[in-house]
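> A single structure is presented below for examination.
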Amino acid sequence: MAPSMRDVQLTVTGKSSSAAAEDDIDGAGEEVRLLDSYDEVNLDKLDENLRRIQVRVTGMTCAACSTSVEGALMGVNGVVKASVALLQNKADVVFDPSLVKDEEITNAIEDAGFEAELLSEPAASHTNPHGTVVGQFTIGGMTCAACVNSVEGILKNLPGVRKAVVALATSLGEVEYDSSIISKDDIANAIEDAGFEASFVQSSEQDKIVLGVIGISGEMDAQFLEGILSKLHGVKQFCFDRVSSELEIVFDPEVIGSRSLVDGIEGGSSGKFKLVVKNPYTRMASRDLEESSRMFRLFTASLSLSVPVILMRVLCPRIPLLYSLLIWQCGPFQMGDWLKWALVTVVQFGIGKRFYIAAGRALRNGSTNMDVLVALGTTASYVYSVCALLYGAVSGFWSPTYFETSAMLITFVLLGKYLETLAKGKTSGAIKKLVELTPATATLLVKDKGGKFVGEREIDALLIQPGDILKVLPGTKVPVDGVVIWGSSHVNESMVTGESAPVLKEIDSVVIGGTINLHGSLHIQGTKVGSNTVLSQIISLVETAQMSKAPIQKFADYIASIFVPTVVTMSLLTFFGWYVAGVLGGYPEEWLPENGNYFVFSLMFAISVVVIACPCALGLATPTAVMVATGVGASNGVLIKGGDALERAQKISHVIFDKTGTLTQGNAKVTTVKIFNEMDRGEFLTLVASAEASSEHPLAKAILEYARHFHFFDEPSNTSGFQTYSEQAKFSGWLHDVSDFSVLPGKGIQCSIDGKWILVGNRTLLTENGITIPSNVENFVVELEESARTGILVAQDNIVIGALGIADPLKREAAVVVEGLIKMGVKPIMVTGDNWRTARAVAKEVGIQDVRAEVLPAGKAEVVRSFQKGGSVVAMVGDGINDSPALAAADVGMAIGAGTDIAIEAAEYVLMRSNLEDVIIAIDLSRKTFARIRWNYIFAMAYNVIAIPVAAGVFFPFLKLELPPWVAGACMAMSSVSVVCSSLYLKRYKKPRLTTILEITIE
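This is the structure:
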């Protein structure tokens, strides 16, 4: 039954459309929206003389119907643009109202043989504040790299599409497009018009929700549901599919939230309907299961029809009773011939019609794929066998038939497709595991109007909103990212960060969705929900990585584009070569099969060549390995942003480390304070802390914490943000007021306090301001630097008044990792903005020979480029905002997971555990992945290089070695499966042991 759809007009109350737009922009940071609905149009973008309407079109059944409607509309004088959405049964028409009327447009559709109904225009337009939308589509019907190239080419040529990436292994396409120019439905239509199946999965916006509805038993219930939805403010459109019981709602999040929407429907039905939010990833997994089930059904059906055909040829002649039945003359043919023809016809054109459809779509788009080869081979065998029967009935000369060749070919290809579907499903196991980390439900603490908690309620975890207070019991999962507001417990974060040790969580501690609360009960306030959570971003990152193409795949794409024409040419050469040689007496007649002739003998070799060649193995070699590798990396706390990053990482020859927060713990502590005038220690610390309170540097945080501890003798706070220190300090009122504050990157800060000019920073800052550093101060700072501590100088009104020594302990694994990299043939370098003495002392401690000190943030990128000029592949490992230029400039940027969002955004690898050992894992995994990809290519190429000559009969004159077409089909089917299984071997990856790398023998 076709889905029912009802359109609801959006009414804006209490604010103007411009105000609504401003609110939407203001709220953009809180919520990332799903794709805008197809009825939303930015009318401002249209010429003021043009008008846009939408028409419901009934009676369309396929892409040809939608094309027919579009053609009818474009043929109307005055219509500027017409787009037809087959799945939504809608037409979007832009026209000049001075030349054509609404009724003429509907009449044109009806004249084309369809029913048309004009839909109401939306009362207000809603502009997309983000400009572009990233949408994800499932694409069915792709069989090899040639199909991928075809779909990508179609998508990239669409107006408004900025970027399109299609992944064969996941049957997914990711499209970045301008929603004011093209809609998601236009994109899906373009894919379908090319002959593939397309359905929208999700996007970067969030104004659509898919719900499973329990309680619909008939037409009356469906109408009742539509009535409830029609009365809800903020609902713009809805579509209820009665077959799947799925309700798709497009709503305005500025008017109604997703939880309020669900509550409104359930409340409006007085509990009759129960709604379940459909997770898009779960829906995709169910589609994968359906696809594998469908392939299995096709395979078993084909096998059940093909086995009798084989038995009639091999076994029945040895059983007299059965054989007598088969040779019983029934009309012009024997009973056995009738049975074979009937069974194989069902296999060829019933079960095997998918190959004809896929081949036709490929040829229509000017490309070729594996389906073309299968369709050619099986059709040649079937048509020859039918012709042989007809020729025998007319002439009385009965040639052997090869019906079983066609049937078994299709059976083995379907078996290969089924096994390939199962194997490809396992390559995306990492995403499935990540999705399963999120709990299905959460306990919401309900407050009254006075803010007092009055009860609890269980809600779907996908309906949690920012600001919700949630209760997390011991042994349960944290539903979303948030902050602890009550309670204390230890949380296991290993499933997200890879860190095995439980982490203590107290008030103000940050928790991550999907982690497990171990002991105590917690109350948390949700801060990030939906696609903004850490877990969702990890899933998105892994998914994007699996969608991306490694540069090495371009080779496979090129081979795939010329593969099928080459194979068909070789097949024709094989046929004519054997046939002409036979006619000219080039080989004895004893080589021919019983009752056979040169034509049949040559045809069997030619068919074997067509069906044994396999472009799929080449197309799957890279994407399946990248999928598995990114999943393995995620499970080990290493997030990889794409196949190109993987490919570059295996060639890394130099690794540049930032010092602070990367080689060191990033937990700087003030160890020494020296005052060079009569100022009181407390007054000096208050002065320095006041100056540093507005700075975001880790050293500023250390000074502020030390000063606060000196004044109040309290324990260091568990709060992670340094701005919190500043706010707490200012609240207590012990800091001075600061004016004219400014940060000088790589040097320090300057400001004015009580009319006095204060400088806090390194030597460069003071000397550039004309301040002379006394010898006793210089000696004190040199002493600090030689002991691997950073010296901070403080000047007041151009006079040095004191200095502080700050130490940042090295990470315990730093020295071992540096030695391990050297053993792996990678040269480590350290770059820092710190002074040369401190830098050399730290580098000596970890074993790094090449040091670059006193480098400004922009200079770090120059250091990276200096190594790249020599042809080296350079990796940069950093954590802070000041590292982002270098991370972006490096061939491979690796961001420490505990670092800033900007650093993580600029990097290609994210090390979630903040452990330097993951640098070794990243390089080792990429090397093993590309070793596996090379093996995949070697196998795929070797298979075709060896198999095609064998199938062509090159070795038949010497070894009498030949491959019947059905055996060739089985080989072709298994080649794809073997490549996928080869990639799956990466799932056995074990991170390298440092003792092995360093060649340490443990007694």
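So for the sequence shown, full-length UniProt numbering puts the first residue at 1; every next one is plus one. Beta carbons are placed, not taken as given, at the ideal position from N, Cα and C, and that holds for glycine.
Could you check the C-alpha separation between Val383 and Thr421 for me, to the nearest Å?
30 Å
> How many whole angstroms separate the CB atoms of Ile656 and Ala875, which I take to be in contact at a CB cut-off of 8 Å?
7 Å
> What residue range does the alpha helix (DSSP H) around Arg681 cover?
681-692
> If you reduce the DSSP assignment to three classes, tell me which class Asp186 lands in.
helix
> At the level of alpha carbons, what is the spacing between Phe238 and Leu247?
7 Å
> For the beta strand (DSSP E) containing Gly748, list its first residue and its last residue.
748-753
> Have a look at Phe867 and Arg162 and give me their C-alpha separation to the nearest angstrom.
33 Å
> In chain order, which continuous runs of the beta strand (DSSP E) of length 3 or greater are located wholly inside the segment 891-952?
Fully enclosed beta strand (DSSP E) runs of no fewer than 3 residues occupy 892-896, 909-911 of the segment 891-952, in order along the chain.
> At the level of alpha carbons, what is the spacing between Ala63 and Gly352?
Low confidence applies here, because Ala63 scores a pLDDT of 47, under 50, leaving its location unreliable and the question unanswered by this model.
> Less than 6 Å between C-beta atoms, sequence neighbours within five positions excluded: which residues of the same chain meet that for Gly160?
Tyr177, Asp178, Ile181, Ile182
> Per the DSSP calculation, Gln796 is bridged to which residue(s)?
Ile758, Ile799
> In angstroms, rounded to a whole number, what distance separates the CA positions of His711 and Ser695?
20 Å
> Cβ of Gly487 within 8 Å of Cβ of Gly520?
yes
> Work out the CA separation of Val842 and Gly661 for me, nearest whole Å.
13 Å
> Just to confirm, are Arg364 and Gly596 a CB contact at a threshold of 8 Å?
no
> For Arg993, which of helix, strand or coil comes out of DSSP?
coil
> If we count Cβ pairs, one from each stretch, closer than 8 Å, do we get three or more for the segment 915-925 versus the segment 943-956?
no
> In whole angstroms, what separates the C-alpha of Val277 from that of Lys208?
11 Å
> Helix or strand or just coil, what does DSSP make of Arg162?
strand
> In its own chain, which residues sit with a C-beta less than 7 Å from the C-beta of Tyr418, not counting the 5 before and 5 after it?
Ser292, Met295, Phe296, Phe299
> Could you tell me which residues DSSP puts in a beta bridge with Ser199?
Under the DSSP definition of a beta bridge, Ser199 partners with Thr138.
> Thinking C-beta only, is Ile758 closer than 8 Å to Met824?
no
> Between which two residues does the alpha helix (DSSP H) carrying Glu590 extend?
According to the DSSP assignment, Glu590 belongs to no alpha helix (DSSP H), since it is labelled neither H nor E.
> Going by DSSP, what residues sit across from Asp850 in a beta bridge?
Ile829
> According to DSSP, Leu810 sits in a beta bridge with which residue or residues?
Thr664
> Do Leu373 and Val628 come within 8 Å of each other at the CB atom, strictly closer than that value?
no
> Report the option in Glu266, Pro308, Gly360, Val511 whose CA atom is closest to the CA atom of Glu226.
Cα-wise, what sits closest to Glu226 is Glu266.
> Answer yes or no: do Ile464 and Val446 have a C-beta to C-beta separation smaller than 8 Å?
no
> Which word fits Ser258, buried or exposed, when buried means at least 16 other C-beta atoms lie within 10 angstroms of its C-beta?
buried
> Under 8 Å by Cβ, that's how I've got Asn532 and Val472 pegged, so tell me the actual separation to the nearest angstrom.
With 8 Å as the limit, Asn532 and Val472 do not qualify as a contact, their Cβ atoms being about 19 Å apart.
> Around the C-beta of Tyr937, are 16 or more other C-beta atoms found within 10 angstroms, so that it is buried, or is it exposed?
buried
> For Arg56, list the residues DSSP reports as bridge partners.
Lys90, Glu117
> Kindly list the residues whose CB is nearer than 6 Å to the CB of Pro332, restricted to its own chain and excluding five residues on each side of it in sequence; keep chain order.
Ala393
> Roughly how many angstroms separate the alpha carbons of Thr622 and Phe601, rounded to a whole number?
38 Å
> How would you label residue 1016, buried or exposed, when you count the other beta carbons within 10 angstroms and need 16 or more for buried?
Shown here, the chain extends from 1 to 1003; a query on residue 1016 therefore has no answer.
> Report yes if the CB atom of Ile459 is closer than 8 Å to the CB atom of Ile485, and no otherwise.
no
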